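Structure record follows, encoded as structure tokens.
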Amino acid sequence: MLRAMLSVVIPTLNAEKTLTRTLSPLVTAAVRGLVQEVIVADGGSSDETLEIVEAAGAKLVQAKRGRGTQLAAGAAAARGNWLLFLHADTVLDASWIAEVEKLFEQIEAGRFRDHEMAAAFKFALDDFSGWARFLEFMVALRCALLKLPYGDQGLLVNRRLYDRLGGYRDLPLMEDVDLVRRIGRRRLVMLRSLAVTSPARYLKEGFIARSLRNLGCLALYYLRVPPRVIARLYG
């Protein structure tokens, strides 16, 4: 088995408030030799995002606006045999490096039937409220029962598997669920390390309203409503 070469892909659009914190743990991982490159796929930022990317030494890819399109563009530019897709407002906790290295060791040792695997982190919100803890519990329950992580949990995927499945599709939303469903439960590992996400959207819209919005999108998606229709309904 080839040595794991990890490329991190981050889609951005005016992400100056959160991007620096997202990049920091990746710099540490680069020093350890785990991360080989960080690719930022930008959808047309007008703030200081591009300056932050340059200062961090990350590779910039310009892409058509849309998370699925940007993720696909970043993956196309990546050289690694493993891809880590990470949102620009999500920070991986310090334990992620050791855990991913352990996962690679177990895959190489034949602990899994297939070398072409994927993994996602444990969801957490950067907020101390009871609503945040309740939402974290519900996400953990969804992942335990359905093996259905969202993009804000990060997605680590073997490059050959990603390519064989056709990668991210040009969808206005639900691009994360679409890819995870194609990966399948058998090839997906849920990690213990935290992916700590900004609560800004929940604070702005309200925890209940935002959660119901996400649940509604997921329900319509499973009812085979086209994502473009769902996007028009939810904005």
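Using the numbering used here, the first residue of the sequence shown is number 3, and each one after it goes up by one. Beta carbons: idealized from backbone N, C-alpha and C, even for Gly. On a predicted model such as this, the values are computed, not experimentally measured, just so you know.
Problem - C-beta contact flag for Val93 and Ala79 at 7 Å - result: For the purposes of this step, residue 93 is identified with residue 91 of the sequence shown, where counting begins at 1. For the purposes of this step, residue 79 is identified with residue 77 of the sequence shown, where counting begins at 1. No.
Problem - Sequence-distant residues of the same chain with beta carbon closer than 6 Å to Leu190, five excluded per side - result: Taking the sequence shown and counting its residues from 1, the one referred to as residue 190 is at position 188. Correct list, in chain order: Ala120, Lys149.
Handout entry: Reduced DSSP category for Gly124 - H, G, I as helix; E, B as strand; rest coil
Key = Here residue 124 refers to the residue found at position 122 of the sequence shown. Rather than Gly, the amino acid found at residue 124 in this sequence is Lys. Lys124 falls in the strand class under three-state DSSP.
Practice task
Assign Ala78 to one of three DSSP states: helix, strand, or coil.
Solution key: Here residue 78 is taken as the residue at index 76 of the sequence shown, counted from 1. Ala78 falls in the helix class under three-state DSSP.
Practice task
Grab the span of the alpha helix (DSSP H) containing Ala134 for me, first residue to last.
Solution key: Along the sequence shown, read from residue 1 onward, the residue named residue 134 stands at position 132. Looking at the DSSP string, the run of the alpha helix (DSSP H) that includes Ala134 is 132–148.
Handout entry: As assigned by DSSP and simplified to three states, the class of Phe87
Key = Locating residue 87 in the sequence shown gives position 85, where the first residue counts as 1. Strand.
Handout entry: Cβ-Cβ distance between Glu107 and Asn160 below 7 Å
Key = Position 105 of the sequence shown, counting from 1, holds the residue named residue 107. Position 158 of the sequence shown, counting from 1, holds the residue named residue 160. The answer is no: Cβ separation not under 7 Å.
Exercise for the section: Measure from the alpha carbon of Glu183 to the alpha carbon of each residue in Leu220, Phe209, Ser200, Arg194, then state which is nearest. Expected result: If you number the sequence shown from 1, residue 183 lands on position 181. Looking at the sequence itself, residue 183 is Arg, so the reference to Glu does not match. Here the closest residue by C-alpha is Leu220.
Problem - Status (buried if at least 16 other CB within 10 Å, exposed otherwise) for Ala96 - result: Walking along the sequence shown from the start, residue 96 turns up at place 94. Ala96 should be labelled exposed.
Handout entry: Residue from Asp91, Lys19, Val42 with nearest C-alpha to Val198
Key = Within the sequence shown, the letter at position 196 stands for residue 198. The option with the nearest alpha carbon to Val198 is Asp91.
Practice task
Would you list the one or two residues that DSSP bridges to Ala43?
Solution key: Looking up residue 43 in the sequence shown gives position 41. Looking at the DSSP assignment, Ala43 forms a beta bridge with Pro13, Val63.
Practice task
Measure the C-alpha to C-alpha separation of Ala32 and Asp154 and round it to an integer number of angstroms.
Solution key: In the sequence shown, residue 32 corresponds to position 30, counting from 1. In the sequence shown, residue 154 corresponds to position 152, counting from 1. If I take the Cα positions, the gap works out to 21 Å.
Problem - Endpoints, alpha helix (DSSP H) assigned at Arg194 - result: Along the sequence shown, one-based indexing puts residue 194 at 192. Element bounds for Arg194: not the alpha helix (DSSP H) but the beta strand (DSSP E), 190–199.
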